[in-house]
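*Asks:* In the UniProt record's numbering, the protein residues as written are 1 to 219.
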Amino acid sequence: MRVLVVDDDPELLDLVVRALERDGHRVQGARSCADARSALSAGGADVIVLDVELPDGTGVALCRALRDEGERVPILLLTAHGEVPQRVAGLDAGADDFVAKPFAVAELRARVRALGRRGPVDRGVVHRAGGIELDLGARRARRDGAEVPLTTREWAIVELLAGRGGRVIARGEILDAVWGEITDEASASLDVLIARIRRKLGAGVIRTLRGQGYALGET
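#1: Indicate whether V61 and R2 have their beta-carbon atoms separated by less than 7 Å.
#2: Could you tell me the distance, in whole angstroms, from the CA atom of residue 220 to the CA atom of V178?
#3: To the nearest angstrom, how far is the alpha carbon of L190 from that of P55?
#4: Could you check what DSSP says for I48 in three-state terms: helix, strand or coil?
#5: Rounded C-beta distance between D51 and D7? I'm assuming under 8 Å.
#6: Just to confirm the assignment, what range does the beta strand (DSSP E) spanning Q28 have?
#7: DSSP state of I75, grouped into three classes?
#8: Got a sec? Which residues, its chain only, sit under 7 Å from R199 by beta carbon, not counting five neighbours each side?
#9: If A36 and L4 are in contact, beta carbons under 8 Å, what's the gap, nearest whole angstrom?
#10: Determine the contact status of H127 and A162, defining contact as a CB-CB distance below 7 Å.
#11: Decide if A30 is buried, meaning its Cβ has at least 16 other Cβ atoms within 10 Å, or exposed.
#12: According to DSSP, E142 sits in a beta bridge with which residue or residues?
#13: So F98 and R87 are in contact, right, with Cβ under 8 Å, and what is the actual spacing, rounded?
#14: Ignore the nearest five residues each way along the sequence and tell me which others in G94's own chain have a CB closer than 8 Å to its CB.
#15: Using a threshold of 7 Å, state whether the C-beta atoms of V205 and I157 are closer than that.
#16: In angstroms with no decimal places, state the Cα-to-Cα distance between L77 and S38.
#17: Going by CA-CA distance only, name the one from G70, G172, E154, A100 that's closest to V84.
#18: Note down, in chain order, each residue of its chain lying with its Cβ closer than 8 Å to the Cβ of G202, except the 5 sequence neighbours on either side.
#19: Can you give the beta carbon distance from V47 to V16, rounded, assuming they're within the 8 Å contact cut?
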């Protein structure tokens, strides 16, 4: 998998590049927004790891610009610890996930793997069913016209299911794509989030097919 890492801290950049290379990824480093754009133009990427503070702009602004240009590659933001507004701005700009600094390298590697398995999302699509509207581009969900807030992982589940239309996705595939692991803890979390999404958007928004998995349904 091709990974582009964008961070102006040379030591951190080297650490992340080496860690991801050990996972077998083809990793390219960049230290500015301009360098990142050059790298994308030259060879593209399957996942972008993007710091929010760069010398020639912000990662949030770059993320928003890439989404406005139709770039669908998954983006993982590196944010400052405790900066909730920064994370919210990044997710609103179209980022797929975030890791707060200082972070455990193992967690970063797992999140990159999960984003790679999830693949690009068609953010120009708006899914409508009954009174539910899912705008993947704006990352907004509405029920009967009223906006419904979803957490990052709730969105990850919804996007994954929306990307398959009404087709079934196995439980293990969801765990692998969203959590990066198949464990009892992750499985329990999935049950909680599915129940929470149904409470927010309606019981029929996610269908359970016993022994098979889940699919996007209608309310």
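Glycine residues also receive a C-beta, built at the ideal position from the N, C-alpha and C atoms.
*Replies:* A quick look at the data gives this:
#1: The residue asked about is misnamed: residue 61 is Ala in this sequence, not Val. It is not a contact, given that the beta carbons lie outside the stated cut-off.
#2: Nothing can be reported for residue 220: it is not among the residues displayed for the chain, which extend from 1 to 219.
#3: 39 Å
#4: strand
#5: 4 Å
#6: 26-30
#7: strand
#8: none
#9: 6 Å
#10: yes
#11: buried
#12: Going by the sequence as given, residue 142 is Arg instead of Glu. For R142, which the question treats as bridged, DSSP gives the partners E133, E147.
#13: 5 Å
#14: C63, R64, L66, R67, I75, R123, G137, R139
#15: no
#16: 19 Å
#17: A100
#18: G130, G131, I132, R143, T219
#19: Between V16 and V47 the Cβ distance is about 12 Å, and since that is not below 8 Å, they are no contact.
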